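Everything on this sheet refers to the single structure shown next.
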Amino acid sequence: MEVIIRPTTKEAVNLTARLIAAAIRRKPFFKLGLATGATMEAVYADLAAMNRAKEVDFSRVVTFNLDEYIGLPPEDPNSYRYYMNRNLFSKINIDLGNTNLPDGMAKDEIAEGQRYEKAIRDAGGIDLQLLGIGNDGHIGFNEPISSLGSRTRSKALTPATYAQNSVYFNPPDSMPKRAFTMGVGTILEAARVVMLITGKKKAGIAAKAIEGPITAMVTGSALQLHPSTVVVLDEAAASELKQTEYYNWVFANEPEWKPYR
Ligand code: F6R
1 MEVIIRPTTK
11 EAVNLTARLI
21 AAAIRRKPFF
31 KLGLATGATM
41 EAVYADLAAM
51 NRAKEVDFSR
61 VVTFNLDEYI
71 GLPPEDPNSY
81 RYYMNRNLFS
91 KINIDLGNTN
101 LPDGMAKDEI
111 AEGQRYEKAI
121 RDAGGIDLQL
131 LGIGNDGHIG
141 FNEPISSLGS
151 RTRSKALTPA
161 TYAQNSVYFN
171 PPDSMPKRAF
181 TMGVGTILEA
191 ARVVMLITGK
201 KKAGIAAKAI
211 EGPITAMVTG
221 SALQLHPSTV
231 VVLDEAAASE
241 LKQTEYYNWV
251 FANEPEWKPY
261 R
């Protein structure tokens, strides 16, 4: 795992977007794993701006989102399909037919999980998975005690996640209590993972995921098992990390980070 701390949220977001754009430039037939949530909105705005400036081409990119609420159709403004269309897909030159999310309206939940896993496999696997982290440490919607070997499936959401996300719903208790999510095992198979964590209120959970023990109680900690993960944080989210001096030294000195300094 590598940890990069940028002074501001804007710089952390921009570095994340540049990492994604550079990876797509290296391999145009790219399979990109995507996340939703407040943190990602600025990343998608930066990627859309880079696309407009012809710095990155999405025409041959295939995407797989992490998750979708169960019971929300694509046209529901709170569905993750709607979020993705609004924040990214409508603003870049991607073929909508190449964008994938679990089907929140699928009747057979077990079959839907299996279908999604097969779609990822058939595409040849995910080249880069973008992640945020929930207040309870979840990646995707892999809530505490999710198996670290789990695959795409339906999952009941925790009260912490409900509190985090129900603010977007009107009324708040119309938020679904369950979602489809890629499993921790699915995420760990991505060739590369880039996680973005911003804001003071994520500082405690960021420290647990990055420097704490690997535990199903904080599924983000499973990334410590992944061979190629970069976690990008702003200073506020990094404020409870212990090894910041080392992380900053690596970023300042390792040649791979030169273009991003
Ligand atoms: C969303 C997802 C979640 C979010 C996490 C952080 O697709 O997979 O794990 O990344 O809940 O959400 P925000 O950015 O809203 O704090």
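Residues 1 to 261 in the working numbering are what the sequence shown spells out, letter by letter. In this text, a Cβ means the ideal position worked out from N, Cα and C, and glycines have one as well. This structure is a prediction, so every number in the text was calculated from the model and none was measured.
Would you call the region 158 to 176 and the region 185 to 200 touching, i.e. three or more CB-CB distances under 8 angstroms?
Put simply, the region 158 to 176 does not touch the region 185 to 200. Fewer than three CB pairs are less than 8 angstroms apart.
Just the Cα atoms here: how many angstroms apart are residue 113 and residue 210?
Looking at the two C-alpha atoms, the distance is approximately 28 angstroms.
If I measure Cβ to Cβ from residue 34 and keep anything under 6 angstroms in the same chain, skipping five residues before and after, which residues do I get?
Close CB contacts of residue 34 within its chain, under the 6 angstroms cut and outside five residues either way in sequence, are with 63, 65 and 130 (chain order).
Could you tell me whether any non-hydrogen atom of the ligand F6R is closer than 7 angstroms to the CB of residue 67?
Shortest gap from the CB of residue 67 to any heavy atom of the ligand F6R: under 7 angstroms.
Check for me: the beta strand (DSSP E) holding residue 234 runs from which residue to which?
Looking at the DSSP string, the run of the beta strand (DSSP E) that includes residue 234 is 229 to 234.
Give the secondary structure of residue 27 by DSSP, where H, G and I count as helix, E and B as strand, and everything else as coil.
Looking at residue 27 - three-state DSSP - the assignment turns out to be coil, as it is neither helix nor strand.
Closer than 7 angstroms: residue 82 CB and nearest the ligand F6R heavy atom:
Because no heavy atom of the ligand F6R lies under 7 angstroms away, the Cβ of residue 82 does not count as near it: no.
Taking the beta carbon of residue 68 as the centre, do at least 16 other beta carbons fall within 10 Å, making it buried, or is it exposed?
Buried.
Residue span of the alpha helix (DSSP H) that contains residue 83, given as start and end
In the DSSP annotation of this structure, the continuous segment of the alpha helix (DSSP H) that includes residue 83 starts and ends at 80 to 87.
Which residues in the same chain as residue 44 place their Cβ atom closer than 7 angstroms to its Cβ, once the five residues preceding and following it in sequence are excluded?
Counting only Cβ-Cβ distances below 7 angstroms, and skipping sequence neighbours, we find 87 and 88.
Own chain, CB closer than 6 angstroms to residue 251, minus 5 neighbours either side, in chain order
Excluding sequence neighbours, residue 251 sits near 4 and 257.
Please list the terminal residues of the continuous alpha helix (DSSP H) segment that includes residue 161.
159 to 165 is the extent of the alpha helix (DSSP H) around residue 161.
What's the C-alpha gap between residue 92 and residue 240?
Whole-angstrom Cα-Cα distance: 36 angstroms.
Simplified DSSP state of residue 173, which is helix, strand or coil
Three-state DSSP puts residue 173 in a helix.
Using the three-state DSSP reduction, which class does residue 55 fall into: helix, strand or coil?
Residue state, collapsed to three classes: coil.
What residue does the alpha helix (DSSP H) around residue 223 start on, and which one ends it?
From DSSP, residue 223 is part of no alpha helix (DSSP H); its letter is neither H nor E.
Residue 141 CB to nearest heavy atom of the ligand F6R below 7 angstroms
For the ligand F6R, at least one heavy atom lies less than 7 angstroms from the Cβ of residue 141.
Alpha helix (DSSP H) segments (min. 4 residues) lying fully within the region 179 to 216:
184 to 188 and 203 to 211, all fully within the region 179 to 216.
Rounded to the nearest angstrom, how far is the Cβ of residue 140 from that of residue 99, given a contact under 8 angstroms?
About 17 angstroms; that fails the 8 angstroms criterion.
Run the CB neighbour count on residue 253, radius 10 Å, all protein chains shown included, and call it buried at 16 or more, exposed below.
Counting Cβ neighbours within 10 Å, residue 253 comes out exposed, since fewer than 16 surround it.
Simplified DSSP assignment, three categories, for residue 122:
The three-state secondary structure of residue 122, taken from DSSP, is helix.
To the nearest angstrom, how far is the alpha carbon of residue 145 from that of residue 156?
Taking the straight line from one Cα to the other gives about 12 angstroms.
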